[in-house]
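Numbering follows my numbering, in which position 77 of the sequence shown is assigned residue number 86; successive positions increment by one, without gaps. For every residue, glycine included, the Cβ atom is placed at its ideal position computed from N, Cα and C. All of these numbers come straight from a predicted model, not from anything done at the bench. Working notes for the structure below.
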Amino acid sequence: MILKDVITYLDSENYIIHNTPCMICGSQLEIEGLYVETILGLPHHLCICRCPNCGEEKVFIFSAPYLKDELVIPPEHALN
């Protein structure tokens with residue numbers, strides 16, 4: 010998987026989190042913690058979010074195929 014694909018996955022995760030309002034008061038959730046867990050042998054990205062207004066917690070679980078594959082950085086972007 011190339012770096013651009015990984016960034017696309019992470020951008021979509023952030024989009025989903027920031028466009029999901031709190032179920033209690035409707036405020037925007039804030040990310041409190043990011044974790045990587047293996048669920049049924051597959052890597053997943055867990056995002057723990059909390060509402061700053063009412064304290065409601067929500068956990069987002071995203072498949073993270075970019076964690077099991079070797080990351081391929083194009084030669085023109087590799088650090089020397």
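Kindly indicate the opening and closing residues of the alpha helix (DSSP H) around residue i.
i: residue 25; result: 12-27
Could you tell me if the beta carbon of residue i falls within a distance shorter than 8 angstroms of some heavy atom in the ligand NAP?
i: residue 65; result: With respect to the ligand NAP, the structure offers nothing, as it holds no ligand at all.
Would you decide whether residue i is buried or exposed? Buried here means 16 or more other CB atoms lie within 10 Å of its CB.
i: residue 75; result: buried
Leaving out the 5 sequence neighbours to the left and right, which residues in its chain are closer than 8 angstroms to residue i when beta-carbon positions are compared?
i: residue 33; result: 60, 63, 65
i: residue 36; result: 30, 60, 61, 62, 63
So what's residue i in DSSP terms, helix, strand or just coil?
i: residue 74; result: helix
i: residue 42; result: strand
i: residue 65; result: coil
i: residue 57; result: strand
Measure how close the beta-carbons of residue i and residue j come, nearest whole angstrom, since I'm counting them as under 8 angstroms.
i: residue 29; j: residue 38; result: 6 angstroms
i: residue 71; j: residue 53; result: 6 angstroms
i: residue 56; j: residue 43; result: 6 angstroms
i: residue 40; j: residue 26; result: 6 angstroms
Tell me which same chain residues have a C-beta within less than 7 angstroms of the C-beta of residue i, skipping the five on either side of it?
i: residue 49; result: none
Once the 5 residues before and after residue i are set aside, which same chain residues still bring their CB inside 6 angstroms of it?
i: residue 22; result: 71
i: residue 73; result: 52, 53, 54
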